[in-house]
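Residue numbers (our numbering): 698 to 928. For each residue, glycine too, the CB sits at the ideal point set by N, CA and C. For reference, the structure discussed in these notes is given below.
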Amino acid sequence: MHPTLLFSAALLTCAAGSAHAQILVNGQIFTSGLAIVDAPAPNSPMHAGSVTQVAIDISGDGKLDQSASVPGSDKSTRYDSLEVYLVSYQTKLNLTVSSGPDLLTREQGSTVKHWDYNVSTCIPAGSYNLTFYEASHINGEAYFAITPLPVTVMNEHPTDACTNGTNALQAFPQPSSPPPQSPWLDGTAIATQPLPTATGSNAATAAIDITGTRTSAMALLVISALLLAIL
Numbered sequence: 698m699h700p701t702l703l704f705s706a707a708l709l710t711c712a713a714g715s716a717h718a719q720i721l722v723n724g725q726i727f728t729s730g731l732a733i734v735d736a737p738a739p740n741s742p743m744h745a746g747s748v749t750q751v752a753i754d755i756s757g758d759g760k761l762d763q764s765a766s767v768p769g770s771d772k773s774t775r776y777d778s779l780e781v782y783l784v785s786y787q788t789k790l791n792l793t794v795s796s797g798p799d800l801l802t803r804e805q806g807s808t809v810k811h812w813d814y815n816v817s818t819c820i821p822a823g824s825y826n827l828t829f830y831e832a833s834h835i836n837g838e839a840y841f842a843i844t845p846l847p848v849t850v851m852n853e854h855p856t857d858a859c860t861n862g863t864n865a866l867q868a869f870p871q872p873s874s875p876p877p878q879s880p881w882l883d884g885t886a887i888a889t890q891p892l893p894t895a896t897g898s899n900a901a902t903a904a905i906d907i908t909g910t911r912t913s914a915m916a917l918l919v920i921s922a923l924l925l926a927i928l
């Protein structure tokens with residue numbers, strides 16, 4: 698992991714927690730922090746030898762000024778760093794997708810950042826997490842959020858072991874200090890359900906589509922109450 702993120706994680710271990718939910722709204726994945734992932738979709742296949750595009754909305758769907766994504770910004774709500782890794786405890790790999798300030802500083806003037814990730818033929822098939830590490834401030838409060846997005850690598854003919862962009866596999870769960878939920882969700886009550894992923898049992902939670910507004914959320918609460926009554 699990049700030194701900036703390691704430093705941020707160390708500052709926030711006093712409020713340590715595990716990776717948090719990703720929430721699916723109108724096809725966008727709201728992470729535990731400020732970032733919104735437009736692509737890839739959860740459980741997408743990544744084919745070895747091809748390119749997978751990662752697209753991230755850094756504006757909170759237009760709610761955040763672009764200057765808040767510039768490293769060193771003095772905005773009360775801002776990004777400090779944003780990095781992406783491809784991680785699997787099944788195949789024992791932790792690969793860099795994007796590290797350092799590159800992701801936030803590319804495509805200046807654009808509210809959506811794109812990163813073309815070359816899926817190397819050395820990556821064995823299996824279940825992985827595209828894991829987003831975000832250090833940020835929200836209304837002046839410092840947070841460190843880890844959001845895993847499950848994907849599957851397809852590779853019928855893997856080559857030799859990966860040597861480029863490899864990192865030590867981090868212990869699970871990793872310390873984090875995320876906000877209660879994405880600040881862009883307007884406090885809408887959302888139910889989540891544990892989903893075993895490549896980074897350990899219950900490392901992530903199932904993506905819940907709340908396109909149906911508060912009616913769907915209420916329906917989830919009613920179903921939960923009925924289940925509790927039955928149990």
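| query | result |
| --- | --- |
| Tell me, to the nearest whole angstrom, how far the beta carbon of T793 is from that of S824; I am working on the premise that it is less than 8 Å. | At roughly 19 Å, the Cβ-Cβ gap does not stay under 8 Å, so T793 and S824 are not in contact. |
| Which of the three DSSP states, helix, strand or coil, is assigned to P893? | Residue placement at P893 is poorly supported in this model, since its pLDDT is 39, which falls under 50; the coordinates still yield a value, given next. Here P893 sits in strand by DSSP. |
| Assess, as a yes-or-no matter, whether the region 733-741 is touched by the region 795-804 under the definition of 3 or more beta carbon pairs within less than 8 Å. | no |
| If we call anything under 9 Å between Cβ atoms a contact, is N815 one with N864? | no |
| Classify T844: buried if its beta carbon has 16 or more other beta carbons within 10 angstroms, exposed otherwise. | buried |
| Helix, strand or coil, according to DSSP, for G866 in the structure here? | Reading off the sequence, residue 866 comes out as Leu, not Gly. In the structure shown, L866 sits in coil (DSSP, three-state: anything other than H, G, I, E or B). |
| Let me make sure I understand the geometry here. Which of A822, H834 and T818 has the alpha-carbon closest to that of T856? | T818 |
| Taking M936 as the reference, give the member of F727, H744 and Q725 with the closest Cα. | Here the chain comprises residues numbered 698 to 928, so residue 936 is not present and cannot be evaluated. |
| Quick check on the DSSP output: the alpha helix (DSSP H) that includes L800 runs from which residue to which? | D799 to T802 |
| If you check the beta carbons only, do E831 and Y776 fall under 9 Å apart? | yes |
| Among the residues of its own chain, which have a CB less than 7 Å from the CB of T788, if the five just before and after it don't count? | P821 and G823 |
| Contact defined as beta carbons within less than 8 Å: I believe H811 pairs with Q750. What is the distance between those atoms, to the nearest angstrom? | 6 Å |
| Hey, out of K760, T808, I726 and S796, whose CA is closest to S741's CA? | I726 |
| Write down the C-beta distance between F829 and T728 rounded to the nearest angstrom, noting that I regard them as a contact closer than 8 Å. | 5 Å |
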